[in-house]
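Everything below concerns the one structure shown next.
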Amino acid sequence: MMKFKPNQTRTYDGEGFKKRAACLCFKNEREDEVLLVSSSRHPDQWIVPGGGMEPEEEPCGAAVREVYEEAGVRGTLGRLLGVFENQDSKHRTYVYVLTVTETLEDWEDSVNIGRKRKWFKIDEAIRVLQCHKPVHADYLRKLKANCSPSNGNTPETVTPDDNAPHRVQR
Numbered sequence: 021m022m023k024f025k026p027n028q029t030r031t032y033d034g035e036g037f038k039k040r041a042a043c044l045c046f047k048n049e050r051e052d053e054v055l056l057v058s059s060s061r062h063p064d065q066w067i068v069p070g071g072g073m074e075p076e077e078e079p080c081g082a083a084v085r086e087v088y089e090e091a092g093v094r095g096t097l098g099r100l101l102g103v104f105e106n107q108d109s110k111h112r113t114y115v116y117v118l119t120v121t122e123t124l125e126d127w128e129d130s131v132n133i134g135r136k137r138k139w140f141k142i143d144e145a146i147r148v149l150q151c152h153k154p155v156h157a158d159y160l161r162k163l164k165a166n167c168s169p170s171n172g173n174t175p176e177t178v179t180p181d182d183n184a185p186h187r188v189q190r
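When you line the sequence shown up against my numbering, it's residues 21 to 190, in that order.
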């Protein structure tokens with residue numbers, strides 16, 4: 021299913037969840053510093069770069085496109101961290117790990133809407149995200165809990181309840 025919005029087509033899966041993709045962008049393979057971007061709706065708040073998938077777009081391609089548009093970075097796409105479900109907003113987000121190899125001086129969202137980006141240590145990023153984007157904080161909590169990289173062949177759905185992540189195998 022698809023819905024049209026000015027300059028955007030929203031795609032939905034068979035269960036009515038909006039299909040989204042995002043990347044946790046890291047400075048290096050140690051995965052100890054993550055890049056967050058300012059929210060377009062609330063510029064004083066930080067978020068994980070990501071957004072809706074376009075028709076016929078694969079989750080990994082959408083994730084790479086979104087971080088290029090929102091954060092102005094390119095890099096090496098790594099593992100699928102998981103598929104995170106937000107029941108409140110009916111979003112299902114594929115979250116990947118990306119190691120940044122190129123940072124653009126000016127990028128689409130910095131020029132068009134004044135979006136900012138900033139590197140955070142993992143624990144600091146969790147604190148910053150917890151207030152207004154607890155599902156984004158869950159991405160980083162899962163990363164910390166799963167220190168061993170997986171090959172991404174067994175995505176998990178994480179449904180936050182009372183701000184505590186619950187993992188359910190799909």
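Idealized CB from N, CA, C, for every residue including glycine. All values derive from a computational prediction rather than experimental measurement.
Is it right to say Lys153 is buried, meaning 16 or more other beta carbons lie within 10 angstroms of its own, or is it exposed?
It is buried - the Cβ of Lys153 has at least 16 other Cβ atoms within 10 Å.
Which first and last residues belong to the beta strand (DSSP E) in which Arg40 is found?
Where Arg40 is concerned, the enclosing beta strand (DSSP E) stretches over 38 to 46.
Whole-angstrom Cβ separation of Val84 and Ala42, contact assumed at under 8 Å?
About 11 Å; that fails the 8 Å criterion.
In angstroms, rounded to a whole number, what distance separates the CA positions of Thr123 and Leu55?
When rounded, the distance between both Cα atoms is 11 Å.
Less than 7 Å between the C-beta atoms of Gly70 and Glu86, yes or no?
Using a Cβ distance threshold of 7 Å, Gly70 and Glu86 count as a contacting pair.
Out of Thr119, Arg135, Asp129, Glu125, point me to the one whose CA is closest to Asn48's CA.
When only C-alpha atoms are compared, the closest one is Thr119.
Hey, could you find the ends of the beta strand (DSSP E) Lys164 is sitting in?
Bounds of any beta strand (DSSP E) do not take in Lys164; it lies within the alpha helix (DSSP H) bounded by 154 to 165.
His156 burial status per 10 Å Cβ neighbour count (16 or more: buried):
Buried is the call here.
Phe140 to Glu90, Cα distance in whole Å?
Annotation: Phe140 to Glu90 spans about 17 Å, alpha carbon to alpha carbon.
Assign Leu100 to buried or exposed, taking buried as 16 or more other Cβ atoms, counted over all protein chains shown, within 10 Å of its Cβ.
Answer is buried; the Cβ neighbour count reaches 16.
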